[in-house]
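Student: Top to bottom, those sequences are chains A and B.
Each residue of the first sequence is one higher than the one before, counting from 839 in my numbering.
Each residue of the second sequence is one higher than the one before, counting from 3 in my numbering.
Can you read through this structure? Questions will come right after.
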Amino acid sequence: MNDLLVANSVSKNFGDFRALNQVSIAVPKGSIFGLLGPNGAGKTTLIRIINQITMPDEGSVLLDGQNLKPEHIRDIGYLPEERGLYKSMKVGEQCLYLAQLKGLSKSEAKSRLKYWFDKLEIGDWWNKKIQELSKGQAQKIQFVVTVLHKPKLLIFDEPFSGFDPINANLIKDEILQLREEGATVIFSTHRMESVEELCDHIALIHKSNKVLDGKLNDIKRQYKTNTFEVGLESTNKDKVLSEIQNTFEVLPATFRNLNDDIKLNIKIGDNTSPNDLLSFLTAKAEVHHFVEVIPSASDIFIQTVKNN
Amino acid sequence: MNHLPLIIKREYLTKVKNKSFIVMTFLSPLIMIALIAVVSYLSQLNNDKQRTISVLDETGYLKDVFQNTENTNYTNLNGLDLEDAIALVKEKEDYGLLHISAVDSLDAFSKNVKFYSEESPSLSIISGLERKIEKRLREKKLQKDGVTLAQIEASKTSIDIAQESFDGEKSSKIDNIVKLAFGGIAGYLLFMFIIIYGNMIMRSVIEEKTSRIIEVIISSVKPIQLMMGKIIGTSLAGVTQFAIWVVLGGVLMFIVSAIFGIDLTQASTPQQEIMNQAIQAQGAQAMAENLITAISNLPIANLVVAFIFFFIGGYLLYSSLYAAIGAAVDNETDTQQFMLPILMPLILAVYVGVFTVIEDPHGTVSTIFSFIPFTSPVVMLMRIPFGVPLWQQGLSLLLLIGTFIFAVWFAAKIYRVGILMYGKKPTYKELFKWLKY
Chain A
839 MNDLLVANSV SKNFGDFRAL NQVSIAVPKG SIFGLLGPNG AGKTTLIRII
889 NQITMPDEGS VLLDGQNLKP EHIRDIGYLP EERGLYKSMK VGEQCLYLAQ
939 LKGLSKSEAK SRLKYWFDKL EIGDWWNKKI QELSKGQAQK IQFVVTVLHK
989 PKLLIFDEPF SGFDPINANL IKDEILQLRE EGATVIFSTH RMESVEELCD
1039 HIALIHKSNK VLDGKLNDIK RQYKTNTFEV GLESTNKDKV LSEIQNTFEV
1089 LPATFRNLND DIKLNIKIGD NTSPNDLLSF LTAKAEVHHF VEVIPSASDI
1139 FIQTVKNN
Chain B
3 MNHLPLIIKR EYLTKVKNKS FIVMTFLSPL IMIALIAVVS YLSQLNNDKQ
53 RTISVLDETG YLKDVFQNTE NTNYTNLNGL DLEDAIALVK EKEDYGLLHI
103 SAVDSLDAFS KNVKFYSEES PSLSIISGLE RKIEKRLREK KLQKDGVTLA
153 QIEASKTSID IAQESFDGEK SSKIDNIVKL AFGGIAGYLL FMFIIIYGNM
203 IMRSVIEEKT SRIIEVIISS VKPIQLMMGK IIGTSLAGVT QFAIWVVLGG
253 VLMFIVSAIF GIDLTQASTP QQEIMNQAIQ AQGAQAMAEN LITAISNLPI
303 ANLVVAFIFF FIGGYLLYSS LYAAIGAAVD NETDTQQFML PILMPLILAV
353 YVGVFTVIED PHGTVSTIFS FIPFTSPVVM LMRIPFGVPL WQQGLSLLLL
403 IGTFIFAVWF AAKIYRVGIL MYGKKPTYKE LFKWLKY
């Protein structure tokens, strides 16, 4: 078993509305799994099913090869998008309470909290009430509470919202560190740059159906169009341009460069190799820039959602 | 994993440590006692005031009728004419002038009695005067028919019907009053408890929703555990508050009456006057003895056990509904439309208790309402002092428990879905749909 979490054709209805339709995902152990989708696609419903907050109407979810059961609550840490803490409760008491609900003993929770509070340098917040903290500070507390019981599976729903760039980086590093220590992470976000940065695998849910699933690199390979971004310098621009246009499919390109040269996106067919294109170009002009166009996660997201 | 004790502990401590809860706990008995003290002090002040009423009786029939009492002096102005008498009363700033003009016969009397005063006189003074005059006139009329004063005195009798059930259980009027008092207090206590602490549960559910912590919590515990923990924790806080109120109220009452010498229990109200008359009629000693027998006549064991069960059952039934309402809405202002269906049966229960149980504790209406689960806790608690067959109590309790389980199931459904719903206020139709999620 290399998958920590497997969902088998999970469906969920709310009255007449089908929130999830036969969705299957497999989250490999030790991966960071991006769960993507437009607003209202059904991501949160799936996450809630994994957390046993709601039950699926059809299908099953397995954690470590076992059907989900109440004991699994200890193995999961969940940071919901709609987050909050008891406002008038003190930070320390609150953390202890939430940790005990996850099955930690009081003394164990205390020593782990001390470790995290020292690590994040928030030790002097222990006796403050949540309402005395800023939103970002409260989010830090919430992060600590989520990971405190060392769960096998961490689920983060928009973990960086509300953080300034410095703290967002801090949290990102902590997530990566937790992965190093053996945790598996499900990561739901609308920020494609963090998907690009963090995720090994992604699944895209759209209108209650899973429309895309796999390793991020595989998907990118699948979505690439054999297009190359090219910057050329030549004394006879018009001639070179028309020669290229006669041989390949050409689109204008924009990128920053030092020279005022020819900038093109050149699409080659399946039978042509990048080397063929390069030798074709070197024969005609001086090549300053030659990059394969790789689709970004954002491009893939938009394209997939539009096509469905 | 059983988190219930943990949740109960948190709910209890949060409530008890809450500032406004502490303030209310200690301030309420103070305010109550202060109010009672002020009212009784003022009414005593009122009673202590001396007033003088002048009497101008031109008939001579009412001689010796008006005897000076502690608070009222009567001045006889016989011999003066009306205008002089009024002027004199005005000058002396007396309370008023009672004028009886000369009459030919006793029958014409009623049209010739008048009371003159600066301000309109108090009702009790006028009716007091009326009673005195009526009594004298009745005596005069009887004497005219040849009945002597001694015979009139001898004809006065006082009846206190002794009551006995077929089983030989003796009781009296005072028994019924005691029974009513016990039942009424029990029922009313439950009513107050449900309203105060049901609302508290509702607010605490809403708070969890608005602070958005709910999703974190229910990823660790089952919603029904959270709901039950809330209900139990809040109830314990409520019991604590009630206990402090009782103790503090008692102590304060004692201190206030000791320091200011105000007898709070003797606040003179019309009811108490009647009571006092009854006591005078029977003799205080006999009255106290009757009271003690009346209390010992009560089915005490039955009362205590039934109180505990019906109180818990009724309270849990209603508080789970309060929790469901809290889960269904986003803020307190939206609760109104859902509160009505809860308050209606509760208020109905109190009305049925007050109006029909007093009239006929075992009549059809009281019996039926003591079986309907939403009214049974209050109505049954009011009926039990009068002796209710055990099978009736058992059946009523069974129905209550059944409904309670159903209500918890229902509330848990609403709760489970509702706590994760934000934004719009749900309609009843939507609530019904949630039951099927």
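Note that the Cβ used here is the ideal one computed from N, Cα and C, for glycine as well.
Measuring alpha carbon to alpha carbon, tell me which of B:430, B:418 and B:318 ends up nearest residue 891 (chain A).
Tutor: Of B:430, B:418 and B:318, the residue nearest in Cα terms is B:418.
Student: Count the other CB atoms within 10 Å of the CB of residue 372 (chain B); is the residue buried (16 or more) or exposed (fewer)?
Tutor: Buried.
Student: I need the straight-line Cα distance from residue 103 (chain B) to residue 81 (chain B), nearest angstrom please.
Tutor: Cα to Cα, the separation comes out at about 12 Å.
Student: With H, G and I counted as helix, E and B as strand and the rest as coil, what does DSSP make of residue 231 (chain B)?
Tutor: In the structure shown, residue 231 (chain B) sits in a helix (DSSP, three-state: H, G or I).
Student: What is the C-beta distance between residue 1009 (chain A) and residue 1001 (chain A), in whole angstroms, given that I count them as a contact (C-beta under 8 Å)?
Tutor: With a Cβ gap of about 6 Å, residue 1009 (chain A) and residue 1001 (chain A) count as contacting.
Student: Sort B:16, B:402 and B:181 by Cα distance to residue 295 (chain B) and report the nearest one.
Tutor: Of B:16, B:402 and B:181, the residue nearest in Cα terms is B:181.
Student: Thinking just about the alpha-carbon of each residue, which of A:856, A:871 and A:895 is nearest to the one in residue 846 (chain A)?
Tutor: The option with the nearest alpha carbon to residue 846 (chain A) is A:895.
Student: By the three-class DSSP mapping on this structure, what secondary structure does residue 5 (chain B) have?
Tutor: Of the three classes helix, strand and coil, the one that applies to residue 5 (chain B) here is coil, per DSSP.
Student: For residue 898 (chain A), name the three-state secondary structure that DSSP assigns.
Tutor: Three-state DSSP puts residue 898 (chain A) in a strand.
Student: Assign residue 421 (chain B) to buried or exposed, taking buried as 16 or more other Cβ atoms, counted over all protein chains shown, within 10 Å of its Cβ.
Tutor: It is buried - the Cβ of residue 421 (chain B) has at least 16 other Cβ atoms within 10 Å.
Student: Apart from the five residues just before and just after residue 351 (chain B), which ones in its own chain have a Cβ nearer than 6 Å to its Cβ?
Tutor: These residues qualify, in order along the chain: 377, 380 and 381.
Student: For the structure I just gave you, are there three or more beta carbon pairs, one from the stretch 312 to 332 of chain B and one from the stretch 207 to 222 of chain B, closer than 8 Å?
Tutor: Result yes; three or more Cβ-Cβ pairs closer than 8 Å.
Student: Using the rule of at least 16 other Cβ atoms within 10 Å of the residue's Cβ for burial, across every protein chain shown, is residue 132 (chain B) buried or exposed?
Tutor: Per the 10 Å Cβ criterion, exposed.
Student: Take residue 983 (chain A) as the anchor and find which of A:1031, A:918, A:966 and A:906 has the nearest alpha-carbon.
Tutor: Comparing Cα positions, the closest option is A:918.
Student: Just tell me which of A:1018, A:976 and A:899 has its CA closest to the CA of residue 932 (chain A).
Tutor: Checking every option, the nearest Cα to that of residue 932 (chain A) belongs to A:976.
Student: Entirely within the stretch 282 to 335 of chain B and at least 4 residues each: give me those alpha helix (DSSP H) ranges in chain order.
Tutor: Listed in chain order, the complete alpha helix (DSSP H) runs (minimum 4 residues) inside the stretch 282 to 335 of chain B are 286 to 299 and 302 to 330.
Student: Name the chain D residues that come within less than 7 Å of residue 889 (chain A), Cβ to Cβ?
Tutor: The chain inventory of the structure shown lacks chain D, comprising the protein chains A and B.
Student: Note down the Cα distance separating residue 1131 (chain A) from residue 875 (chain A), rounded to an integer number of angstroms.
Tutor: Each residue's Cα considered, the two are about 24 Å apart.
Student: Using only CA atoms, which one of B:321, B:338 and B:389 lies nearest to residue 412 (chain B)?
Tutor: With distances taken between Cα atoms, residue 412 (chain B) lies closest to B:321.
Student: Considering only heavy atoms of the ligand NAD, does any lie closer than 8 Å to the CB of residue 320 (chain B)?
Tutor: The ligand NAD is absent from the structure shown, which contains no ligands of any kind.
Student: Can you find the residues in the same chain that come closer than 8 Å, C-beta to C-beta, to residue 34 (chain B), ignoring five residues on each side of it along the sequence?
Tutor: So the list reads 251, once near-sequence residues are dropped.
Student: Mind checking which residues open and close the alpha helix (DSSP H) that includes residue 1017 (chain A)?
Tutor: 1003 to 1018 is the span of the alpha helix (DSSP H), which, as asked, contains residue 1017 (chain A).
Student: Rounded to the nearest angstrom, what separates residue 1050 (chain A) and residue 1142 (chain A) at their Cα positions?
Tutor: The straight-line gap from Cα to Cα measures roughly 8 Å.
Student: Leaving out five residues before and five after residue 64 (chain B) in sequence, what residues of the same chain have Cβ atoms less than 7 Å from its Cβ?
Tutor: These residues qualify, in order along the chain: 102, 135 and 138.
Student: With 8 Å as the C-beta to C-beta threshold (strictly closer), list the residues of the stretch 918 to 929 of chain A near chain B in chain order.
Tutor: Taking 8 Å as the Cβ-Cβ cut-off against chain B, the residues of the stretch 918 to 929 of chain A that qualify are 918, 920, 921, 922, 923, 924, 925, 926 and 927.
Student: Using 8 Å as the threshold, is the stretch 1041 to 1060 of chain A in touch with the stretch 13 to 26 of chain B, meaning 3 or more CB pairs across them?
Tutor: Output reads no: the stretch 13 to 26 of chain B does not touch the stretch 1041 to 1060 of chain A.
Student: In the DSSP assignment, find the alpha helix (DSSP H) that holds residue 1113 (chain A) and state where it starts and stops.
Tutor: Where residue 1113 (chain A) is concerned, the enclosing alpha helix (DSSP H) stretches over 1112 to 1122.
Student: Counting contacts by CB-CB distance shorter than 9 Å, is residue 904 (chain A) in contact with chain B?
Tutor: Answer no: the Cβ-Cβ gap between residue 904 (chain A) and chain B never drops below 9 Å.
Student: Using only CA atoms, which one of B:410, B:389, B:362 and B:312 lies nearest to residue 399 (chain B)?
Tutor: Ranking the options by Cα distance to residue 399 (chain B), first place goes to B:312.
Student: Could you tell me whether the stretch 359 to 368 of chain B touches the stretch 245 to 260 of chain B, where touching means 3 or more Cβ pairs closer than 8 Å?
Tutor: Contact fails: fewer than three Cβ-Cβ distances are below 8 Å.
Student: Check whether the stretch 1058 to 1070 of chain A and the stretch 1097 to 1111 of chain A are in contact - that is, three or more C-beta pairs closer than 8 Å.
Tutor: With a cut-off of 8 Å, the stretch 1097 to 1111 of chain A and the stretch 1058 to 1070 of chain A count as touching, because enough Cβ pairs lie within range.
Student: Quick one: list the residues of chain A neighbouring residue 242 (chain B), beta-carbon separation under 7 Å, in chain order.
Tutor: Correct list: empty, because the minimum Cβ distance to chain A is about 19 Å.
Student: Cβ atoms of residue 1024 (chain A) and residue 991 (chain A): under 9 Å apart, would you say?
Tutor: For residue 991 (chain A) and residue 1024 (chain A), yes; Cβs fall inside 9 Å.
Student: Take the Cβ of residue 256 (chain B) as the centre, count every other Cβ of all protein chains shown within 10 Å, and call the residue buried at 16 or more, exposed below.
Tutor: So residue 256 (chain B) ends up on the exposed side.
Student: Within 10 angstroms of its Cβ, does residue 41 (chain B) collect 16 or more other Cβ (buried), or is it exposed?
Tutor: Exposed is the call here.
Student: Does residue 1152 (chain A) get closer than 9 Å to chain B when you measure Cβ to Cβ?
Tutor: This structure gives no information on residue 1152 (chain A), because the portion of chain A shown stretches from 839 to 1146.
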